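Before any comments, here is the structure.
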Amino acid sequence: MELKGEDSNVEYKLFFSKDANKWLKTIVAFLNSGKGGKIYFGVDDKGNEKGLQYYAWEKRKTSNLNIDKIHFCDIANIEKCVDKTLIYIASKIKLMINPWLSNLYFSVKIHKKNPYIILIKIYPTKEIVYELKNTLGSESLVYERIGSQSILLRPKEIAILKNYRKNEIDFQLIPSQVDNLNFMQLREILKAHYHDYDKNPKFWKKFKEQKLTILKQKYLNYEAFLLSDENTTKIKINNFSKTETDAIPFGQSIIKNKCIFYYIFFLAKHLLFFTKDKIKDDLLLEIIYNIIIHNDYYHFGNNGPIIEIFDDHIQFLSYQKNALEKIQKRQSISWKYPNIVELFSYLNYQKRGNGISNIKKWYGEESISLDEISYLYIIYFKK
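Numbering (the UniProt record's numbering), first residue to last: 1 to 383.
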């Protein structure tokens, strides 16, 4: 697709500036326009696709370029550099924009490879005025899109915008009727829609034991988000085994556009067919719980959970929450305190994930592979 010039709904960025607010303000402006918009990274002002440039990590201290350190990485593995960039974008959006921005209202993905172009898409929103946290002061910053510019609003203009937007209605933003929603309450809601997936007592027993409670967000009806069939979450299942079912045929299957809990029910039901008497049921449910609940990057590129089924084993790949922030913190102190960083990494490994200890106990250290941003569970079947 040939890109045209910037306008009220499109903006181009050739790189990530050291000052992240230079692109975050565009997102806030798109949100406050109520119409959404797109930001392409790796594209110059005239719409020419130059591609994102990455540089060796060792050059970050000597470089005079006014670019964010996300551009410095292991350039021998450019795909991993791009994956980290996707996570960096999502982390900044979650950290710097108020109110908390639901995944329903933005997505981050690879638009094109060779050269790499990243696309942030902002979906139309209603009712709320969004703000950008001010790193230099106490008052947040409010922007609105006017033509191809993101304009900082004055207090009187903000009041006018808030008055206009309060007349809009978005059911996702209607306040919740309960302060907390626990999984037993959620189960009753889901029964009417997913009754076929209510037949596994171990599954619900596990949730009850976890005592996991979903807190009501101030600006978001989180129950509606979890139960929504309109989100774009997806899970890939690659079946390389000699067995297939109607639900999981040979080759690749993608389940998407369902509520998040549908995925848990689906996997708990259909993966048991492949793993019955080959691995512990409790172990399977432990892993399913971890890859769905603790995976944080459904929307960003292809970073949803990936499951691969083989004749002698099954493996699960998911992505850690707040991974990039942890990497950056570790890198920032690694030069001065390498021994502390090594100890921190060891302690962090020992307590990762709710189900890690049980999986290691049952299958040993070799069953779990960890890198900076992902978990890979590899479970071999009993013979």
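Quick reminder that beta carbons are idealized off the backbone N, C-alpha and C, glycines included.
Note that this is a predicted model, so its numbers are computed, not measured.
Identity of the residues DSSP links to residue i by a beta bridge
i                 : result
glycine 51        : Note: glycine 51 sits in no beta bridge, so no partner.
glycine 37        : Ile122
phenylalanine 273 : None, per the DSSP bridge assignment.
serine 17         : Ile67
valine 10         : Asp7, Lys38
glutamate 308     : Asn238, Gln315
cysteine 73       : Ala56
leucine 152       : Tyr143
lysine 256        : Lys234
valine 43         : Glu49
Closest Cα partner of residue i within the set the options
i                 : options                       : result
phenylalanine 250 : Lys256, Tyr263, Lys236        : Lys236
leucine 152       : Asn21, Ala76, Ile255, Glu127  : Asn21
aspartate 7       : Tyr380, Ile378, Ile39, Gly34  : Ile39
asparagine 103    : Trp23, Lys234, Ile118, Lys113 : Lys234
threonine 125     : Phe106, Ile87, Leu136, Asn114 : Phe106
valine 28         : Lys133, Ala76, Lys69          : Lys133
valine 129        : Ile97, Leu136, Leu272         : Ile97
glycine 147       : Ile291, Thr26, Leu271, Leu283 : Thr26
isoleucine 307    : Asp246, Gln252, Lys61         : Gln252
threonine 135     : Lys92, Ala76, Phe266, Glu157  : Lys92
isoleucine 78     : Asp277, Trp100, Ile110, Ala90 : Ile110
lysine 256        : Pro305, Thr245, Leu24, Ser241 : Pro305
serine 241        : Pro99, Asp312, Ile292         : Asp312
threonine 275     : Lys94, Glu244, Ile75, Ile87   : Glu244
DSSP-derived helix/strand/coil call for residue i
i                 : result
leucine 141       : strand
phenylalanine 106 : strand
lysine 113        : coil
valine 129        : coil
residue 408       : No answer is possible for residue 408: the residues shown for the chain start at 1 and end at 383.
phenylalanine 207 : For phenylalanine 207, the predicted structure reports a pLDDT of 47, less than 50, and the residue's modelled location is therefore unreliable. The matter cannot be settled from this model.
aspartate 179     : Confidence at aspartate 179 is low in this model, with a pLDDT of 46, below 50, so the placement of that residue is unreliable and no value is reported for it.
Residue-chain proximity (residue i, chain C), Cβ-Cβ < 9 Å
i           : result
leucine 271 : Looking at the structure shown, chain C is missing, and only one protein chain is on hand.
Supposed close pair residue i, residue j - CB separation, criterion 8 Å
i             : j              : result
asparagine 32 : valine 142     : 7 Å
glycine 37    : valine 10      : 6 Å
leucine 118   : glutamate 49   : A quick correction: the sequence has isoleucine, not leucine, at residue 118. Not a contact, Cβ separation roughly 11 Å.
serine 318    : tyrosine 263   : In fact, because the Cβ distance is near 12 Å, the residues do not count as touching under 8 Å.
leucine 267   : isoleucine 288 : 5 Å
glutamate 131 : serine 138     : Not quite, the Cβ-Cβ distance comes to about 12 Å (not below 8 Å), so this is no contact.
lysine 94     : leucine 101    : 7 Å
Residues near residue i in its chain [Cβ-Cβ closer than 6 Å; skip 5 each side]
i              : result
asparagine 239 : Ile248, Phe250, Ile309
threonine 161  : Looking at the sequence shown, residue 161 is not threonine but leucine. Within the same chain, leucine 161 has close Cβ partners Val129.
arginine 60    : Lys69, Phe72
isoleucine 292 : Tyr263, Ile264
isoleucine 254 : Lys234, Lys236
lysine 4       : Gly47
isoleucine 120 : Ile39, Val108
Cβ neighbours of residue i in the same chain (closer than 8 Å, five flanking residues each side left out)
i              : result
histidine 71   : Phe15, Phe16, Leu52, Gln53, Tyr54, Tyr55, Leu65
isoleucine 279 : Ile314, Ile379, Phe381, Lys382
glycine 34     : Pro124, Thr125, Lys126, Arg165, Glu168
asparagine 114 : Gly51
aspartate 277  : Lys382
7 Å CB neighbourhood of residue i in its chain, flanking five on each side removed
i                : result
cysteine 73      : Tyr54, Trp57, Cys81, Lys84
isoleucine 67    : Phe15, Phe16, Ser17, Lys18
phenylalanine 30 : Gly36, Gly37, Ile122, Arg145
tyrosine 12      : Glu6, Tyr40, Val43, Asp44, Asp45, Gly47
serine 63        : Tyr55
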